[in-house]
């Protein structure tokens, strides 16, 4: 087999044309995982039986000369907050340490129906709460580009697995930047679809009005292919939208010429690393050369996004995580003398520090006497943030910004300062709060060879345009 | 300081968390520092702003009602499957410690 990192189409073609088999390829990926992953820590659980059975099924199709489905035989892996039937799913938490889901997430089922071979489950911050993957209850993930640095979070395993070629593409989830920020830190493509574009059925809930499932991949084309596979109405998620799914791959061929790209001044201010600024500005210049019109814009409420996010997200989390009570599934503390003591001890021993911190903050923000001051206030500011985007999109087709103010930071650098860690999401949370789609594509490197990401934000349900701009950036 | 030790204990109780003495000290500090930062939201006058109540109204369609299907969209899990992940079950029910405290 070609030792070069494979894309989805190249993988499928190699199996279709019998240059390799899906089975051999899956085994090759497992060997690579065995060799490399002890250093990186991207995988939490391998699903070999399931993967090899699927691979054999694809090989049987190829042997008969039948046309393989779009992801036929492609080795993929799934963030551990996404449930997989019969395959341990922990959400990066001790409280779900032995949880074997009895059903599949819709996005995973759609990937497999399209032929994907699910290699295993990927490390992440506990319940997707974190920006560095250091909040995993199992172990941190290291950035394949520099092992002393974090891969970003919370989908750190999903980004690292793609970057280290331990999966062709992966699924992650984004609540405040958790797909785009690690994609940027690891030098891969990460796409957060519009809220409602992809079913959340089977995504372990963190903040239900923000959570999205989306792909991480080596190329924009691969991200488009995965999105096409997983997008669309699902009766099991009443918030999944009944909006037609375009052929995102075909749409990539349309020229970017004439597109208006907004550059919000608030994303280029204080705190932006000099090398990141330079790379992002250069990428924008290239897009201008490809015929895009660059339009300076303002998103005036940007500085209120992080405080808004940390009220809304923690409030929803405190409610969602109330289900972990040690009764129906998950960890139960031993020797409790009463039901309420069992709840408290199970949650105390089962949740990690950051999860407890957020449950505390969220519970406080929703508690009697503080609801108006915090939660209601934040929901109102959220309306203002969404209006910022709505107004901007009257003038532009997409918005381009840095994905993260800095490249990947060192492990341990921010663990003792929750607020500093939260600020790592400063350019990504806005899109989560507004419900719009965003993508991060690699746009250069620092002197130390650390990847830098360009973020492209789009209108609701207009993933096609941001993919197209990302594709143009990738080609230039 | 917005939050006192008493508030931390009260909120922990609401959230069904016990918290060690060290955690209580740490969260007292962290929550105060985060809430100080959140205070900047008060710079904005939101008297005439509607709170964002739902995400799907932005472009999706939350108004579609599905058929009222007697058995639901998916068959219920078989009894043994539903109990399979339980920390303690007797084959029919989830088992929990004594509910009534005396």
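Residue numbers (this note's numbering), protein chains in the order written: chain X, 962 to 1437; chain B, 58 to 159.
Where is the CB? At the ideal position from N, CA and C, for every residue including glycine.
Only a predicted model underlies this, so the values are computations on that prediction, with no experimental measurement involved.
Cβ-based neighbour list, residue i, same chain, cut-off 6 Å, excluding 5 preceding and 5 following
i: residue 1100/X; result: 1002
i: residue 1297/X; result: 1303, 1306
i: residue 1311/X; result: 1055, 1056, 1292
i: residue 1184/X; result: 1150, 1152, 1176, 1178
i: residue 1286/X; result: 1304
Three-state secondary structure (DSSP) of residue i
i: residue 1147/X; result: helix
i: residue 1324/X; result: helix
i: residue 63/B; result: helix
i: residue 1049/X; result: coil
i: residue 128/B; result: coil
i: residue 1173/X; result: strand
i: residue 1254/X; result: strand
i: residue 1119/X; result: helix
i: residue 1001/X; result: helix
i: residue 1067/X; result: helix
i: residue 1135/X; result: strand
i: residue 116/B; result: Only weak support is given to the placement of residue 116/B: the predicted model assigns it a pLDDT of 47, under 50, and the value that follows is read from those uncertain coordinates. Three-state result, residue 116/B: coil.
i: residue 1215/X; result: coil
i: residue 135/B; result: coil
i: residue 1371/X; result: strand
Interface flag, residue i vs chain B, CB-CB below 8 Å
i: residue 970/X; result: no
i: residue 1309/X; result: yes
i: residue 1001/X; result: no
i: residue 1274/X; result: no
i: residue 1174/X; result: no
i: residue 1197/X; result: yes
i: residue 1046/X; result: no
Closest residue to residue i among the options (Cα-Cα distance)
i: residue 1346/X; options: 70/B, 152/B, 107/B; result: 107/B
i: residue 1314/X; options: 67/B, 73/B, 84/B; result: 84/B
i: residue 1412/X; options: 1143/X, 1138/X, 1048/X, 1116/X; result: 1143/X
i: residue 1038/X; options: 1404/X, 1006/X, 1159/X; result: 1006/X
i: residue 1351/X; options: 1230/X, 1223/X, 997/X, 1331/X; result: 1223/X
i: residue 1280/X; options: 1265/X, 1323/X, 1258/X; result: 1323/X
i: residue 1334/X; options: 146/B, 103/B, 61/B, 140/B; result: 103/B
i: residue 1122/X; options: 1156/X, 991/X, 1172/X, 977/X; result: 991/X
i: residue 61/B; options: 110/B, 86/B, 152/B; result: 86/B
i: residue 1049/X; options: 1023/X, 1270/X, 1079/X; result: 1079/X
i: residue 138/B; options: 1093/X, 1369/X, 1289/X, 1421/X; result: 1289/X
i: residue 1401/X; options: 1066/X, 1009/X, 1418/X; result: 1418/X
i: residue 1076/X; options: 1127/X, 1053/X, 1089/X, 1020/X; result: 1020/X
Strand pairing of residue i, partner residues [DSSP]
i: residue 1444/X; result: In the structure as shown, chain X starts at 962 and stops at 1437, and residue 1444/X therefore has no counterpart that could be examined.
i: residue 1401/X; result: 1151/X, 1416/X
i: residue 1036/X; result: 1078/X
i: residue 1024/X; result: Looking at the DSSP assignment, residue 1024/X forms no beta bridge with any residue, so it has no partner.
i: residue 1230/X; result: According to DSSP, which records beta bridges pairwise, residue 1230/X is partnered with nothing at all.
i: residue 80/B; result: DSSP output for residue 80/B lists no bridge partner at all.
i: residue 1406/X; result: 1412/X
i: residue 151/B; result: 146/B
Proximity test, Cβ basis, 8 Å: residue i and chain X
i: residue 73/B; result: yes
i: residue 147/B; result: no
i: residue 78/B; result: no
i: residue 109/B; result: yes
i: residue 87/B; result: yes
i: residue 150/B; result: no
i: residue 116/B; result: Summary for residue 116/B: the model assigns pLDDT 47, below 50, so the residue's position carries little reliability; its value from the coordinates is reported in the next sentence. With 8 Å as the cut-off, residue 116/B counts as an interface residue toward chain X.
i: residue 134/B; result: yes
Same chain only: Cβ atoms within 7 Å of residue i, ignoring 5 sequence neighbours per side
i: residue 1349/X; result: 1260, 1261, 1262
i: residue 1012/X; result: 987, 1078, 1079, 1080
i: residue 1105/X; result: 1001, 1121, 1124, 1125, 1147
Spatial neighbours of residue i in its chain, beta-carbon cut-off 8 Å, leaving aside the 5 residues before and after
i: residue 1095/X; result: 1086, 1101, 1111, 1114, 1372, 1373, 1376
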